[in-house]
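Numbering (the working numbering), first residue to last: 205 to 534. Positions of the beta carbon are idealized from the N, C-alpha and C atoms, including for glycine.
Next comes the structure, spelled out in structure tokens:
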């Protein structure tokens, strides 16, 4: 029964000292910064969270559970001085009894119970306290323990913490949308569009919702019709489809669709069926040069309204995205 109480005490101390602050930090990072709801995140990854919790608490309990051990000492004199000169602080010394605590192992020595009681009798110094601290105290007094492989223990402990951190953070990256938030921030900082485009006041034929929802394979201005031919070419022709000219030819296994016209700029998407991605591009109709505005996901169902481009990112759970006409502010 005492052992179970000791386990509960360690679990509660670890929860209050570590898990609650970690969840608060995750709340600030995910919900405040990235607008990702922690409840939905851990609801979808509940089993993984339980595995992470147990992989953290079980080794922690084993390391700091209550333990008794002792070493042979011919005399009790000088023990206090030896401990104070090393990694320990002697809190109480009364006759042949003392209470000490470590100066190392921060922050565990603050969060967990770190006091060790010691009693000297019949040429033996008997210790009682957390297993790890009893073990280290015996070593510092010249004794021997069953666990001397410090490198192995240190590596195992770091691996456990690393596994727990990975199990907590990994679902937020995959399920919570943090990956796309990182990509969005990267895109906004490194967008390469050189020309600033603004939406003209007059309505362009083809930019209507009805046309866009049907693939938007053609748009027109007062001089030309721009249309997709055979799925991989953009052509320009005069009214009544006379004197056609090829503007863009997509590479193999790619398809062009969703044309939108803004002034002298033709916007379109280029689908890559091999990598299952779609890039959002635009072409200057004066010099017929194309540039890529967005290529970090599956950009589909392109709509342009006012000074904004709206599109569906098929790789981010079909989330609705928007950016300005120059690829900024995704």
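Skipping 5 residues on each side, what residues in its chain have a beta carbon closer than 6 Å to that of residue i?
i	result
residue 360	Per-residue confidence for residue 360 stands at a pLDDT of 49, beneath the threshold of 50, marking its modelled position as unreliable; the derived number appears in the next sentence. For residue 360, where only same-chain residues beyond five positions count, there are no Cβ hits under 6 Å.
residue 420	462, 463
residue 221	315
residue 271	335, 338
residue 523	517
For the beta strand (DSSP E) that residue i lies in, which residues bound it at each end?
i	result
residue 213	Segment 206-218 is the alpha helix (DSSP H) holding residue 213; no beta strand (DSSP E) there.
residue 285	Unbroken run through residue 285 is the alpha helix (DSSP H), 283-289; no beta strand (DSSP E).
residue 488	481-488
residue 528	523-528
residue 305	301-306
residue 320	320-325
residue 314	No beta strand (DSSP E) holds residue 314; the alpha helix (DSSP H) holding it covers 312-315.
residue 277	No beta strand (DSSP E) contains residue 277, which DSSP labels as neither H nor E.
residue 446	446-453
residue 494	493-498
residue 518	No beta strand (DSSP E) holds residue 518; DSSP gives it neither H nor E.
residue 423	422-424
Contact check, residue i vs residue j under 8 Å by CB: the rounded distance?
i	j	result
residue 449	residue 456	Actually they are not in contact, since the Cβ atoms of residue 449 and residue 456 sit about 22 Å apart, beyond 8 Å.
residue 302	residue 315	23 Å between Cβ atoms; not a contact.
residue 431	residue 422	4 Å
How would you label residue i, buried or exposed, when you count the other beta carbons within 10 angstroms and need 16 or more for buried?
i	result
residue 453	exposed
residue 286	exposed
residue 310	exposed
residue 278	exposed
residue 179	Beyond the ends of the chain as shown, which are 205 and 534, falls residue 179; an answer cannot be given.
residue 334	buried
residue 208	exposed
residue 262	exposed
residue 224	exposed
residue 486	buried
residue 414	Caution is warranted here: a pLDDT of 48 is assigned to residue 414, below 50, making its placement in the model unreliable, and the coordinate value is therefore given only provisionally. By the neighbour-count rule (16 or more Cβ atoms within 10 Å), residue 414 is not buried but exposed.
residue 507	buried
residue 218	buried
residue 465	buried
residue 513	buried
residue 268	buried
residue 264	buried
Suppose contacts are defined by Cβ-Cβ distances below 8 Å. Is residue i in contact with residue j by that definition?
i	j	result
residue 483	residue 498	yes
residue 320	residue 331	yes
residue 280	residue 324	yes
residue 468	residue 495	no
residue 312	residue 213	no
residue 520	residue 501	yes
Following the continuous alpha helix (DSSP H) through residue i, name the residue where it begins and the one where it ends.
i	result
residue 230	224-230
residue 460	Per DSSP, residue 460 belongs to no alpha helix (DSSP H); it is in the beta strand (DSSP E), 458-466.
residue 340	335-344
Report all residues from its chain with a CB closer than 8 Å to the CB of residue i; omit the five preceding and five following residues, and keep chain order.
i	result
residue 273	330, 331, 338, 339, 342, 349
residue 460	432, 435, 436, 437, 438, 452, 454, 472, 473, 474, 475
residue 288	294
residue 266	335
residue 290	344
residue 292	304, 305, 306, 307, 341, 344
residue 442	427, 428, 429
Taking 7 Å as the limit between beta carbons, can you name the residues of its chain near residue i, skipping five residues before and five after?
i	result
residue 296	302, 303
residue 327	276, 277, 278
residue 353	Residue placement at residue 353 cannot be trusted, given a pLDDT of 47 that sits under 50; what the coordinates show is reported in the next sentence. Nothing meets the Cβ criterion.
residue 504	473, 482, 515, 516, 518
residue 478	457
residue 355	Only weak support is given to the placement of residue 355: the predicted model assigns it a pLDDT of 49, under 50, and the value that follows is read from those uncertain coordinates. Closer than 7 Å at the Cβ level, and outside the excluded window around residue 355, lies no residue.
Looking at the ligand GTP, does it come within less than 7 Å of residue i, judged from the CB to the closest heavy atom?
i	result
residue 467	Within the structure as shown, the ligand GTP is missing, as the structure has no ligands at all.
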